[in-house]
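Residue numbers (this note's numbering): 654 to 1017. To start, the structure under review is shown below, and the notes come after it.
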């Protein structure tokens, strides 16, 4: 199983949902970077379960313990090893092994892929629990990027049939900063009420609901990325599709571009404050796989949480017969409130990788 990402920023992920800890090793941060522990704790709290009736009741403190690479609050330049201890596991909720397959989970595919030796408790290596160390890494990358003028914000653009304002159209970035401290990261008060009602209704019905997280990145200079395999879209999509429940990724106007003519889809070049910019941003800040200096705009479609309390058709792996199942335990009726920070983290990781690759080219 590959759990390693990057060439210039090397990241390795480890742990399982119901193991003693999850964590990562990270190589590529320079020596002497002061870690903003408050910002790191805020990022982890946004992802942590058990904060409200809108999420799973599983309780995890999600406190980071640095085993190496950090001394007196600053990076040493050596590989960072960080762990997040687990405490709120209820392994008994998952029986004694893989038998009755949970629809739309990785029970069957994981069992086949790893020859029956997989850690099946709570989804094991397929669990969203692994996004905790990813948020840790992303928060550190975001701090590195912020020192270079980059800001990353994500919100729930759509939840079920409820839609928020367009994050790309917001001019007052103070409104975007507030998103990081909201239980439901949305811009519109009306959308917030509607989305909360939709989540609680789904929970009451023993069901779940999905939607779209949109992310905006300001301050990225032109010139990051490359054509084809190392394009900005390729790198960010690779990371974003690694997030459990993500089933679609698009940039800029995305699939809406398919309905336009070239004259409608193109972004005209203009001069703004002595800088080359585009009049519109339907390309999402990327041309030819390379950043053009405009805000990067990316959207991620999240499927509804597959763990629902309704009866569903499935099969027994041991008896090889069709049966029904109802999933018990503690599960999110909607993953979106906790997913926005994960999307931000993945974008930060990808952009730091691309930035360091660009720096390596300049030094060559």
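No residue lacks a Cβ here, since even glycine has one placed at the ideal position from N, Cα and C.
Exercise. On the three-state DSSP scale, how would you describe residue 808?
Worked result: strand
Problem set entry | residue 868 and residue 718 closer than 8 angstroms at C-beta | no
Problem set entry | DSSP-derived helix/strand/coil call for residue 679 | strand
Exercise. Does DSSP put residue 954 in a helix, in a strand, or in coil?
Worked result: strand
For this session: Assign residue 1014 to one of two classes, buried (16 or more other C-beta atoms within 10 Å of its C-beta) or exposed (fewer than that).
Result: exposed
Problem set entry | Beta-carbon proximity of residue 964 to residue 979, cut-off 8 angstroms | Result yes, Cβ atoms of residue 964 and residue 979 sit closer than 8 angstroms.
Exercise. Candidates 891, 832, 935, 692: which alpha carbon is nearest residue 912's?
Worked result: Here the closest residue by C-alpha is 935.
Exercise. Mind checking whether residue 657 and residue 787 have CB atoms under 8 angstroms apart?
Worked result: no
Exercise. Helix, strand or coil: how does DSSP classify residue 735 here?
Worked result: strand
Problem set entry | Beta-carbon spacing of residue 967, residue 984 below 8 angstroms | In this structure, residue 984 does not lie closer than 8 angstroms to residue 967 by Cβ.
Exercise. From residue 933 to residue 989, what does the alpha carbon distance come to, in whole angstroms?
Worked result: C-alpha of residue 933 to C-alpha of residue 989: approximately 28 angstroms in a straight line.
Problem set entry | Buried/exposed call for residue 981, threshold 16 Cβ in 10 Å | exposed
For this session: Look up residue 878 in the DSSP assignment and say whether it is helix, strand or coil.
Result: In the three-state scheme derived from DSSP, where H, G and I count as helix and E and B as strand, residue 878 is classed as strand.
Exercise. Between residue 659 and residue 1006, what straight-line distance do the alpha-carbon atoms span, to the nearest angstrom?
Worked result: 7 angstroms
For this session: State yes or no: is the C-beta of residue 855 within less than 8 angstroms of the C-beta of residue 986?
Result: yes
Exercise. Is it true that the region 941–948 meets the region 720–740, where meeting means three or more beta-carbon pairs spaced less than 8 angstroms apart?
Worked result: These segments do not touch.
Exercise. If you run the structure through DSSP and keep just helix, strand and coil, what is residue 792?
Worked result: helix
Exercise. Ordered along the chain, which non-local residues of its own chain (more than five positions away) have a Cβ less than 6 angstroms from that of residue 792?
Worked result: 693, 696, listed in sequence order.
Exercise. Which full runs of the alpha helix (DSSP H) of 4+ residues lie inside the region 883–971, going along the chain?
Worked result: 885–893, 915–918
Exercise. How many angstroms separate the CA atom of residue 665 from the CA atom of residue 773?
Worked result: 21 angstroms
For this session: Per DSSP, which residues does residue 687 bridge with? Please list them.
Result: Note: residue 687 is bridge-paired with 727 in the DSSP secondary-structure output.
Problem set entry | Beta-carbon gap between residue 878 and residue 884 smaller than 8 angstroms | yes
Exercise. What do you reckon, are the CB atoms on residue 810 and residue 739 nearer than 8 angstroms?
Worked result: no
For this session: Look at residue 763 and residue 771 and say whether their C-beta atoms are less than 8 angstroms apart.
Result: yes
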